[in-house]
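Colleague:
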Amino acid sequence: MKKIILFILLIPFVGFSQDHFTDYNLLIDEMKLLKDDDDDKKKKKVHRLEVGLNGGINFAEIKLENGIDNINLSDKLGSLYGGTIVYNFNRFLCIKGDFDIASKGFTMNDVGYTVDKDVTQAIKTADVKQLLNYFDIPAFFHIGFGKKLKFDINFGPYLSFLLENRSNLVDLDGNKVTLEDGALDFALDNRSKIDWGWVGGAGIDYYITKKIAIGFDFLIETGLKVLNGGGNFGEFTNSSRDFDFGVNFLLFEKKSKKLF
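Going by the numbering used here, the first residue of the sequence shown is number 1, and it counts up by one from there.
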């Protein structure tokens with residue numbers, strides 16, 4: 001009889017312990033789920049390395065610093081093409097570097113010249129283009145807003161190296177020419193072979209897939225390096241407005257947890 005009474009008294013305690021043991025297991029499971037969700041949220045920091053090809057057109061000019069103002073100069077339409085590297089620190093911030101062959105320079109309007117390969121050396125009067133081709137490296141912050149379609153803000157420095165063998169004075173047909181007025185000769189040999197300055201602008205990127213994106217950037221390069229053109233040109237700086245199209249391919253992607 002005593003044993004039966006003791007068993008009856010123990011039943012509520014056993015049930016209470018079992019209930020709480022079950023609740024404790026459920027609590028552990030819930031905590032694991034919350035931890036997994038928290039880990040997923042922390043894995044928003046994505047490092048991506050993209051490589052690509054780019055090309056486009058530019059409008060280049062020089063800005064005279066201490067030259068003669070009556071020289072009739074205007075913009076020169078040129079081209080640019082090369083490769084691109086983009087490193088993403090996260091979904092918004094990345095560093096973008098272009099490695100381009102860029103045609104800068106200027107146009108001289110209504111000047112007398114002769115075509116070098118013309119046997120008759122007849123004097124002509126028309127516009128001629130002074131080509132200043134560079135190996136151009138703009139490296140800038142590329143801040144994007146959006147996911148599949150991103151709108152970008154670009155700003156940073158650029159560095160350029162003059163390609164002497166591709167920098168010539170040509171007519172509108174691309175023939176090398178010599179000016180009738182030697183005072184207008186652009187002294188390529190006397191000028192610095194390195195140029196630098198700031199680049200800024202805006203752009204747009206569209207991700208066709210997770211691994212392929214196409215984009216467009218409008219960039220303004222403003223030279224800070226004062227260059228010497230000799231003669232009537234004196235000192236000047238480079239300037240260009242670039243319309244750059246490109247396609248990028250994902251090289252690798254790595255997700256990491258944020259520190260906070």
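Idealized CB from N, CA, C, for every residue including glycine.
Treat the numbers as computed from the prediction; the structure is a model and nothing was measured.
Apart from the five residues on each side of it in sequence, which residues of its chain come closer than 7 Å, Cβ to Cβ, to residue 77?
Modeller: Taking the first residue of the sequence shown as 1, we reach residue 77 at position 77. Correct list, in chain order: 57, 59.
Colleague: Spatial neighbours of residue 224 within its chain, please: C-beta separation below 8 Å, excluding the five flanking residues on both sides.
Modeller: To locate residue 224, count along the sequence shown from 1; it is residue 224. So the qualifying residues of the chain are 196, 197, 198, 237.
Colleague: For residue 180, is the classification buried or exposed, using 16 other Cβ atoms within 10 angstroms of its Cβ as the cut-off for buried?
Modeller: Along the sequence shown, read from residue 1 onward, the residue named residue 180 stands at position 180. Exposed: under 16 other Cβ atoms inside 10 Å.
Colleague: Please return the same chain residues whose Cβ sits closer than 6 Å to the Cβ of residue 150, not counting the five positions on each side in sequence.
Modeller: In the sequence shown, the residue the question calls residue 150 occupies position 150. For residue 150, where only same-chain residues beyond five positions count, the Cβ hits under 6 Å are 144, 205.
Colleague: Nearest by alpha-carbon distance to residue 186: which of 168, 246, 47 is it?
Modeller: As a first step, residue 186 must be located in the sequence shown, where it is residue number 186. Measuring from the Cα of residue 186, the nearest candidate turns out to be 168.
Colleague: With DSSP run on the structure shown, which of helix, strand or coil describes residue 200?
Modeller: The sequence position of residue 200 within the sequence shown is 200, counting from 1. Here residue 200 sits in strand by DSSP.
Colleague: Pop quiz: residue 128 and residue 255 are said to be a contact at Cβ under 8 Å. What is the actual Cβ separation, rounded to whole angstroms?
Modeller: Here the question's residue 128 lines up with position 128 in the sequence shown. Here the question's residue 255 lines up with position 255 in the sequence shown. At roughly 55 Å, the Cβ-Cβ gap does not stay under 8 Å, so residue 128 and residue 255 are not in contact.
Colleague: Which of the three DSSP states is assigned to residue 182 in this structure?
Modeller: Locating residue 182 in the sequence shown gives position 182, where the first residue counts as 1. In the structure shown, residue 182 sits in a helix (DSSP, three-state: H, G or I).
Colleague: Across the stretch 72 to 91 and the stretch 109 to 119, are there enough close Cβ pairs to call them in contact, namely three or more that are closer than 8 Å?
Modeller: yes
Colleague: Just the Cα atoms here: how many angstroms apart are residue 253 and residue 49?
Modeller: Residue numbering aside, residue 253 sits at position 253 when the sequence shown is read from its first letter. Residue numbering aside, residue 49 sits at position 49 when the sequence shown is read from its first letter. Using only the alpha carbons, I get a separation of about 7 Å.
Colleague: In this structure, how does DSSP classify residue 65 when only helix, strand and coil are distinguished?
Modeller: Position 65 of the sequence shown holds residue 65. Three-state DSSP puts residue 65 in coil, outside helix and strand.
Colleague: Does residue 43 pass the burial test, meaning 16 or more other C-beta atoms within 10 Å, or should it be called exposed?
Modeller: Indexing the sequence shown from 1 puts residue 43 at position 43. Below a pLDDT of 50, predicted positions are generally treated as unreliable, and residue 43, at 49, falls in that range; the measurement from the model is reported next regardless. That one is exposed.
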